[in-house]
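Numbering (full-length UniProt numbering), first residue to last: 1 to 442. Every residue, glycine too, gets a C-beta built ideally from N, C-alpha and C.
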């Protein structure tokens, strides 16, 4: 998952959590707000009543010293004045029930005791709790709408800002990392950014790429030079050994030793030629402009290697559509690719086993599978089989030099061919080549 996606998901989820918490708390908050508003209103009404009493006297409300009560038409509010005889002074606001014309109504009541003309009086000002609830619902709805609007706005703002702030990182990944195969070709400009961390990352990657390219270049030069240098002394030694065979005084024992030496030189020459081929592939010294027929080139491979199959009595099946063609490839390299895979299937097969090559179109791409009935490869060793000189099976030194599959990997990489390896110990191995659509005829 991309960093931008993770940030967006985190911001969205965190805001959703806030919304859920707010929805859970909003009834309590609105009730508190309404209650506070009503309490303030009751206190202001009390102050007005007391001002009237101070200026006009208690008889303004109680002309004959009898109780005073005033209700609104819907009994939502009331004011009451009465004589008070308890020594406990009151100045409270609380929810209480009152019987009004046979109806029990819950009010938010302010109770206040005071003296007027050496007498104690009780002032009550009440407001129906039901009217408080009526204002709470619209307030909750408005608050929720405002919150959702703010959350959506902040999500869009966070997404846009995250996209803007991470653009340099995205450009660094696309320009220098995504889909790149070492050694890299061409120059890579520095990414412009005002963020120090991205600038440091870009400089570090640029420096790392330079070091890697230098290391690759030195390795390729060494392999190429070493291969060239090995070919000359090997050829000289081969000529000298061949000349020794022409001598009449050579004994049978010496001849056997010379034959063994010649086999060793042939293996050394094969290694040098293989290393040189890999070096040439990695240096892009081959041109991809050939058009080949897959079945035809596989038949050529079979004809060249059929004797080795007969030695192990191996069955061979070729099931490839005869009209399948590949374009923009190098015929010599693909022949080597197929040859090495078939040779590998022979080398690690069991006597009286079988080799099967099948080809088919899958999702617009051509797949070619090489299957053998050999020993199989342990799962933990599959990632290592393409390493040079890596012996991953128990075989004799004469059979394995660890360069066949590295050649396969180099040629496949040169043509952008995907290699998939499936193996089961004791049952066999399948190498599947997936050719990209650009290698298929239009």
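Please go through the same chain and pick out, in chain order, the residues whose beta-carbon is closer than 6 Å to the beta-carbon of residue i, but skip the five residues on each side of it.
i: residue 441; result: 325 and 327
i: residue 97; result: 104 and 106
i: residue 436; result: 416
i: residue 269; result: 234
i: residue 410; result: 278 and 281
i: residue 89; result: 113
i: residue 92; result: 111
i: residue 199; result: 193
i: residue 420; result: 432
Using CA atoms only, rank isn't needed, just tell me which of the options is closest to residue i.
i: residue 65; options: 23, 122, 127 and 418; result: 122
i: residue 155; options: 425, 12, 142 and 227; result: 12
i: residue 317; options: 359, 276, 287 and 347; result: 359
i: residue 434; options: 423, 415 and 426; result: 415
i: residue 284; options: 303, 413 and 377; result: 413
i: residue 486; options: 425, 93, 265 and 73; result: The first residue shown for the chain is 1 and the last is 442, placing residue 486 beyond what the model contains.
i: residue 407; options: 94, 276, 128 and 356; result: 276
i: residue 158; options: 421, 423, 8 and 410; result: 8
i: residue 379; options: 366, 422 and 206; result: 422
i: residue 31; options: 137, 10, 55 and 102; result: 137
i: residue 37; options: 22, 10 and 127; result: 127
i: residue 438; options: 388, 382, 366 and 432; result: 366
i: residue 94; options: 35, 225, 332 and 381; result: 35
i: residue 388; options: 130, 300 and 223; result: 223
i: residue 119; options: 142, 85 and 89; result: 85
i: residue 53; options: 236, 114 and 33; result: 114
i: residue 204; options: 177, 218 and 142; result: 177
i: residue 129; options: 221, 298 and 39; result: 39
i: residue 33; options: 51, 143, 299 and 55; result: 143
Under 8 Å by Cβ, that's how I've got residue i and residue j pegged, so tell me the actual separation to the nearest angstrom.
i: residue 405; j: residue 385; result: 5 Å
i: residue 334; j: residue 272; result: At roughly 22 Å, the Cβ-Cβ gap does not stay under 8 Å, so residue 334 and residue 272 are not in contact.
i: residue 278; j: residue 330; result: Not a contact, Cβ separation roughly 14 Å.
i: residue 429; j: residue 376; result: 6 Å
i: residue 147; j: residue 10; result: Between residue 10 and residue 147 the Cβ distance is about 19 Å, and since that is not below 8 Å, they are no contact.
i: residue 49; j: residue 71; result: That pair is no contact at about 15 Å.
i: residue 191; j: residue 173; result: In fact, because the Cβ distance is near 10 Å, the residues do not count as touching under 8 Å.
i: residue 145; j: residue 26; result: Contact doesn't hold; Cβ gap of about 11 Å is too wide.
i: residue 76; j: residue 5; result: Actually they do not touch by this definition, with Cβ atoms about 54 Å apart.
i: residue 298; j: residue 357; result: 6 Å
Going by beta carbon distance, what residues of the same chain come within less than 7 Å of residue i, once the five residues before and after it are set aside?
i: residue 289; result: 328
i: residue 58; result: 116, 117 and 121
i: residue 258; result: 241, 244 and 245
i: residue 314; result: 346, 349, 353, 354 and 355
i: residue 227; result: 272, 275, 276 and 279
i: residue 201; result: 172
i: residue 15; result: 151, 154 and 155
i: residue 338; result: 297, 298 and 301
i: residue 424; result: 376
Identify, in the order they occur along the chain, each residue of the same chain with its Cβ nearer than 8 Å to the Cβ of residue i, setting aside the five sequence neighbours on each side.
i: residue 256; result: none
i: residue 46; result: 110, 112, 123 and 125
i: residue 68; result: 61, 62, 79, 80, 81 and 82
i: residue 426; result: 375 and 376
i: residue 362; result: 434
i: residue 3; result: 166 and 169
i: residue 332; result: 286
For chain D, find out if any of its Cβ atoms is closer than 8 Å to the Cβ of residue i; answer yes or no.
i: residue 257; result: Note that chain D does not occur in the displayed structure, where there is just one protein chain.
Any heavy atom of the ligand SAH closer than 7 Å to the CB of residue i?
i: residue 407; result: Among the components of this structure there are no ligands whatsoever, and the ligand SAH is therefore not found.
Checklist entry - Do the region 239-255 and the region 207-214 touch if we need at least three Cβ pairs shorter than 8 Å? => result In this structure the region 239-255 does not lie against the region 207-214, because fewer than three pairs of beta carbons, one per stretch, are closer than 8 Å.
Checklist entry - Is the number of C-beta pairs between the region 315-324 and the region 294-305 that are closer than 8 Å three or more? => result yes
Checklist entry - Using 8 Å as the Cβ pair cut-off and three pairs as the minimum, do the region 149-157 and the region 103-114 touch? => result no
Next on the checklist: Pairs of beta-carbons, one from the region 335-345 and one from the region 358-372, closer than 8 Å: are there three or more?
Outcome noted: Because the criterion of three Cβ pairs below 8 Å is met, the region 335-345 and the region 358-372 touch.
Checklist entry - If you scan the region 121-176 from start to end, which runs of the alpha helix (DSSP H) of 4 or more residues do you find wholly inside it? => result 129-165 and 167-176
Checklist entry - Hey, is the region 187-199 in contact with the region 160-170, meaning 3+ C-beta pairs nearer than 8 Å? => result Three or more Cβ pairs closer than 8 Å define a contact, and the region 187-199 meets that threshold against the region 160-170.
Checklist entry - On the three-pair Cβ rule with 8 Å, is the region 346-358 touching the region 305-313? => result yes
Checklist entry - Can you list the beta strand (DSSP E) stretches of 3 or more residues lying completely in the region 45-114, in chain order? => result 68-71, 77-83 and 91-100
Checklist entry - Unbroken beta strand (DSSP E) runs of length 3 or more, entirely within the region 331-419: which are they? => result Complete beta strand (DSSP E) runs here, min 3: 354-362 and 365-372.
Checklist entry - Hey, which unbroken runs of the alpha helix (DSSP H) at 4 residues or more fall wholly within the region 291-318? => result Annotation note: the region 291-318 contains the following uninterrupted alpha helix (DSSP H) runs of length 4 or greater, listed N- to C-terminal: 294-312.
Item to check | Runs of beta strand (DSSP E) lying entirely within the region 244-298, each at least 3 residues, in chain order | outcome: 290-293
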